[in-house]
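*Asks:* Chains as they are written, first to last, in my numbering: chain L, 175 to 492; chain Z, 294 to 728. Glycine included, each C-beta is placed from N, C-alpha and C at the ideal position. Input: one structure, supplied below.
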């Protein structure tokens, strides 16, 4: 028997960001609004605000990542925090140190915030349960479970281009089964009141009972993309492109890869998103990735402002 | 020692007895019910008014962790836990280190257990050498050393031909084989039921069909070989239906379920509670309800604790990396009572699943209260209620999904061969959490 929502304080304040699931709509909107104010900071000549001055942010990556780690680092630095990057996969874990021992040691170095990526679902929750009350944990991706800041930057991007969530049709396409991004996106979209969230993929790449997350399931991409406002592509890991899940990357691309032809059944003003890094020619065609409907690069830019907002809010700045 | 158990509600599922009466124990045996035998002088009188007296509990799966895993638990700690739980007989699976695949190991375990003079220990021998699923063990010699059955426990048996031959060989000598049905390929890498919770939490799944597929193979092999098979730890609703049909066809099978699966479901995992990381995984509410009903209607013969002490460090890991299993031998009685109350089953019927029926599965003497029979008894207070706290557990494993639960029913005396092997409050052990 564990406590209800481990990321919220008794007063409902966001202490950690571990998952989108269970976050109140107001909290998500607060993060998006705060991020809006930070966008202007990132466009200034002097790109710093002093909100986290004197605080130490530890980027604790048990799994390799370039983009997410870099954007967290930039976000923390723009908030004037000291940033320590640890590529733990290469050091402690290989010496047999447990996850909690690593965290305890770093806590003894007076960390204020951990940004954690780990290959196991639930790793961020475990850390959050064991850190001192003054330490904050931000989940930068745990196994197949959650990648909340990615979903939040996606919501920010959608709001930027589409304003209202309540009239949207959104499709998420590809390897939902292994995707922490998809899970967080689904929770964010349903919490924000998007009336129709669709997932599209072959049965081997959709988790069982996925419709209980509040989504409509499609196996035919053209049917699933019909009249959607937002197309969210997922990354397909190389090791899953051939074997028992899929016969080949080519066949996947033929059925579920986004090209101009398939995109044409979506609404004409539909936007195309991808969490990166992209496999061109596997889940997305270059003409679409680089085309006029793609907002893939703005997603990256907004990611910094959104991560600034999350860090600032969990650290107690309203 | 002659013992007079006075004024208790004596419940014996084997005979259907349920009445308030006196019980007299002499020379390790039940001497009489109701009136003392001629010349009986009690050396000890247990005042049992308001208490329930039943056969000692029989737990079909208790991991004692010896040999090999003494850092997780010791024979001493776990047998003390069993006695405190009212358990007078237990079967221990062979997944020790090394596994129970040699007569010497079994004799050693029997000898060590006997010297502790508590609960009876019935070792289940390894079905294959090293539990590797390749070569069958010396079953006849292991049986001579004291094994009551042979099992692969949770170790995969990939080669169906080995399983077929193992069943044929065991059947040659009439030995029962205990199998937990699980297809090793369909369950590979999985840690949670393939359902809404695993989907939500992104946990690698174990589908119910991993169990039913293996179960159907076992049932067909039972039909083919005539082997006596006991199916361990069913977890899926469809399995209950399949067993019900197979029993109706007259196949010589029995089966059990763990207390965890009778009370919990995938929902209890909550936010990655590693105490709910169990093998087989906790399944859906529909599965849980089917298990509860299957247990009530006798399709499932017995309920066991599937006691698996795990050291704290092994649970303080991300869910998928944490060690599977829960401690539970001390909670078997209150959790069986809780189930009985919830499905509104009379006590005398419910207790059968942890006494007479479990004894029948084990194929040993006991599990009943009758003059001349072994005085293996549990005397419990059905109204004692308490909160499950780590400090109250005698087991070295404190890992239970029931921490914080309010439970009712506590063993106050446990007798094995007419000896009091546990008496609440009589030991120096710390018992906290009592109200």
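Mapping DSSP to helix, strand and coil, what is residue 712 of chain Z?
*Replies:* Mapped onto the second chain, residue 712 of chain Z falls at position 419. Residue 712 of chain Z falls in the strand class under three-state DSSP.
*Asks:* May I ask which residues mark the beginning and end of the beta strand (DSSP E) holding residue 444 of chain Z?
*Replies:* By 1-based counting over the second chain, the position of residue 444 of chain Z is 151. From DSSP, the beta strand (DSSP E) with residue 444 of chain Z extends over 442 to 444.
*Asks:* Counting contacts by CB-CB distance shorter than 8 Å, is residue 614 of chain Z in contact with chain L?
*Replies:* What you label residue 614 of chain Z is simply residue 321 of the second chain in a count that begins at 1. Output row for residue 614 of chain Z: interface = yes.
*Asks:* If we ignore side chains and look at the alpha-carbon of each, how far apart do residue 713 of chain Z and residue 335 of chain Z end up?
*Replies:* Taking the first residue of the second chain as 1, we reach residue 713 of chain Z at position 420. Taking the first residue of the second chain as 1, we reach residue 335 of chain Z at position 42. If I take the Cα positions, the gap works out to 14 Å.
*Asks:* If we cut at 8 Å on Cβ distances, does residue 317 of chain L have a partner in chain Z?
*Replies:* The residue you call residue 317 of chain L lines up with position 143 of the first chain. Closer than 8 Å: yes.
*Asks:* If you drop the 5 nearest sequence neighbours on each side, which residues of the same chain put their C-beta closer than 6 Å to that of residue 717 of chain Z?
*Replies:* Position 424 of the second chain, counting from 1, holds the residue named residue 717 of chain Z. Hits under 6 Å: 705.
*Asks:* DSSP three-state label for residue 597 of chain Z, please.
*Replies:* Along the second chain, one-based indexing puts residue 597 of chain Z at 304. Here residue 597 of chain Z sits in strand by DSSP.
*Asks:* Looking at chain L, is there any beta carbon in it that lies within less than 8 Å of the beta carbon of residue 609 of chain Z?
*Replies:* Sequence index remark: in the second chain, residue 609 of chain Z carries index 316 (1-based). With 8 Å as the cut-off, residue 609 of chain Z counts as an interface residue toward chain L.
*Asks:* May I have a chain-ordered list of the alpha helix (DSSP H) segments no shorter than 4 residues that lie completely inside the segment 375 to 443 of chain Z?
*Replies:* Entirely contained in the segment 375 to 443 of chain Z, the alpha helix (DSSP H) runs reaching 4 residues are, in chain order, 396 to 409, 432 to 438.
*Asks:* Which residues, taken in chain order from the segment 280 to 310 of chain L, show a beta carbon closer than 8 Å to some beta carbon of chain Z?
*Replies:* Going along the segment 280 to 310 of chain L in chain order, one finds 292, 294, 295, 296, 297, 299, 300, 304 with a Cβ nearer than 8 Å to chain Z.
*Asks:* Sort out for me which residues DSSP pairs residue 525 of chain Z with in a bridge.
*Replies:* Sequence index remark: in the second chain, residue 525 of chain Z carries index 232 (1-based). In the DSSP output, where bridge partners are listed per residue, residue 525 of chain Z has none listed.
*Asks:* Given this structure, state the Cα-to-Cα distance separating residue 277 of chain L from residue 305 of chain L, to the nearest angstrom.
*Replies:* The sequence position of residue 277 of chain L within the first chain is 103, counting from 1. The sequence position of residue 305 of chain L within the first chain is 131, counting from 1. About 8 Å.
*Asks:* Between Z:688, Z:657, Z:697, Z:649, which lies nearest to residue 309 of chain Z when the distance is taken from Cα to Cα?
*Replies:* Position 16 of the second chain, counted from the first residue, corresponds to residue 309 of chain Z. Of the candidates Z:688, Z:657, Z:697, Z:649, the one whose C-alpha sits nearest the C-alpha of residue 309 of chain Z is Z:649.
*Asks:* Of all the alpha helix (DSSP H) runs that stay within the bounds of the segment 564 to 616 of chain Z, which reach a length of 4 or more residues?
*Replies:* Whole alpha helix (DSSP H) segments, 4+ residues: 578 to 589, 605 to 608.
*Asks:* Look at residue 605 of chain Z and residue 667 of chain Z and say whether their C-beta atoms are less than 8 Å apart.
*Replies:* Here residue 605 of chain Z is taken as the residue at index 312 of the second chain, counted from 1. Here residue 667 of chain Z is taken as the residue at index 374 of the second chain, counted from 1. Contact: no.
*Asks:* Establish whether the CB of residue 725 of chain Z and some CB of chain L are separated by less than 8 Å.
*Replies:* Position 432 of the second chain, counting from 1, holds the residue named residue 725 of chain Z. A caution first: residue 725 of chain Z carries a pLDDT of 35, below 50, which makes its placement in the model unreliable, though a value can still be read off. Judged by the 8 Å Cβ criterion, residue 725 of chain Z is not in contact with chain L.
*Asks:* Go ahead and pull the three-state DSSP assignment for residue 676 of chain Z.
*Replies:* Your numbering for residue 676 of chain Z matches position 383 in the second chain. Strand.
*Asks:* Looking only at its own chain, which residues have a Cβ that is under 8 Å from the Cβ of residue 555 of chain Z, when we skip the five neighbours before and after it?
*Replies:* To locate residue 555 of chain Z, count along the second chain from 1; it is residue 262. These residues qualify, in order along the chain: 581, 584, 585, 588, 596, 628, 632.
*Asks:* Does DSSP classify residue 553 of chain Z as helix, strand or coil?
*Replies:* Taking the second chain and counting its residues from 1, one reaches residue 553 of chain Z at position 260. Correct three-state label for residue 553 of chain Z: helix.
*Asks:* Going by alpha carbons, who is nearest to residue 116 of chain L out of L:206, L:466, L:362, L:239?
*Replies:* Any property of residue 116 of chain L remains undetermined from this structure, which presents chain L solely from 175 to 492.
*Asks:* Can at least three beta-carbon pairs, one atom from the segment 295 to 309 of chain L and one from the segment 242 to 253 of chain L, be found at a separation below 8 Å?
*Replies:* These segments do not touch.
*Asks:* Please specify which runs of the beta strand (DSSP E), each continuous and at least 3 residues long, are wholly inside the segment 261 to 341 of chain L, giving them in chain order.
*Replies:* For the segment 261 to 341 of chain L, whole beta strand (DSSP E) runs of length 3 or above, ordered along the chain, are 287 to 292, 310 to 316.
*Asks:* What is the residue span of the beta strand (DSSP E) that residue 240 of chain Z lies within?
*Replies:* This structure gives no information on residue 240 of chain Z, because the portion of chain Z shown stretches from 294 to 728.
*Asks:* Against residue 488 of chain L, what residues of chain Z qualify as contacts under a CB-to-CB distance less than 8 Å, listed in chain order?
*Replies:* For the purposes of this step, residue 488 of chain L is identified with residue 314 of the first chain, where counting begins at 1. Result: empty, since nearest Cβ-Cβ is about 17 Å, beyond 8 Å.
*Asks:* Which chain L residues sit within Cβ distance under 7 Å of residue 317 of chain Z?
*Replies:* On the second chain, residue 317 of chain Z is found 24 positions in, with the first residue counted as 1. What residue 317 of chain Z touches in chain L: nothing, since even the nearest Cβ is about 44 Å away.
*Asks:* Ends of the beta strand (DSSP E) at residue 470 of chain L?
*Replies:* Residue mapping note: residue 470 of chain L aligns to position 296 of the first chain, counting from 1. Where residue 470 of chain L is concerned, there is no enclosing beta strand (DSSP E), although the alpha helix (DSSP H) it sits in stretches over 470 to 488.
*Asks:* Would you mind stating whether residue 372 of chain Z and residue 326 of chain Z have Cβ atoms separated by less than 8 Å?
*Replies:* Along the second chain, read from residue 1 onward, the residue named residue 372 of chain Z stands at position 79. Along the second chain, read from residue 1 onward, the residue named residue 326 of chain Z stands at position 33. No.
*Asks:* Less than 6 Å between C-beta atoms, sequence neighbours within five positions excluded: which residues of the same chain meet that for residue 453 of chain Z?
*Replies:* The sequence position of residue 453 of chain Z within the second chain is 160, counting from 1. Closer than 6 Å at Cβ, skipping near neighbours: no residue.
*Asks:* Give a yes or no on whether the minimum CB-CB distance between residue 323 of chain L and chain Z is below 8 Å.
*Replies:* For the purposes of this step, residue 323 of chain L is identified with residue 149 of the first chain, where counting begins at 1. Answer no: the Cβ-Cβ gap between residue 323 of chain L and chain Z never drops below 8 Å.
*Asks:* How would you list, in chain order, the residues of chain L whose beta-carbon sits under 8 Å from the beta-carbon of residue 482 of chain Z?
*Replies:* Here residue 482 of chain Z corresponds to residue number 189 of the second chain, with the count starting at 1. What residue 482 of chain Z touches in chain L: nothing, since even the nearest Cβ is about 12 Å away.
*Asks:* Given that residue 387 of chain L touches chain Z, what residues does it touch there, using C-beta distances under 9 Å?
*Replies:* The residue labelled residue 387 of chain L in the question sits at position 213 within the first chain. Within chain Z, the residues near residue 387 of chain L are 489, 492, 493.
*Asks:* Got a sec: is the Cβ-Cβ distance from residue 188 of chain L to anything in chain Z below 8 Å?
*Replies:* Against the first chain, residue 188 of chain L aligns to sequence position 14. It does not; no Cβ of chain Z falls within 8 Å.
*Asks:* Would you check whether the ligand COA has a heavy atom nearer than 7 Å to the C-beta of residue 329 of chain L?
*Replies:* Among the ligands in the structure shown, none appear at all, so the ligand COA cannot be discussed.
*Asks:* Determine the chain L residues that contact residue 606 of chain Z at a beta-carbon separation under 8 Å, and present them in chain order.
*Replies:* Stepping through the second chain from its first residue, residue 606 of chain Z is reached at position 313. Within chain L, the residues near residue 606 of chain Z are 272.
*Asks:* Do residue 318 of chain Z and residue 312 of chain Z come within 8 Å of each other at the CB atom, strictly closer than that value?
*Replies:* As a position in the second chain, residue 312 of chain Z is number 19, starting the count at 1. As a position in the second chain, residue 318 of chain Z is number 25, starting the count at 1. For residue 312 of chain Z and residue 318 of chain Z, no; Cβs fall outside 8 Å.
*Asks:* State the Cα-Cα distance for the pair residue 424 of chain L and residue 468 of chain L, rounded to the nearest angstrom.
*Replies:* Indexing the first chain from 1 puts residue 424 of chain L at position 250. Indexing the first chain from 1 puts residue 468 of chain L at position 294. Whole-angstrom Cα-Cα distance: 22 Å.
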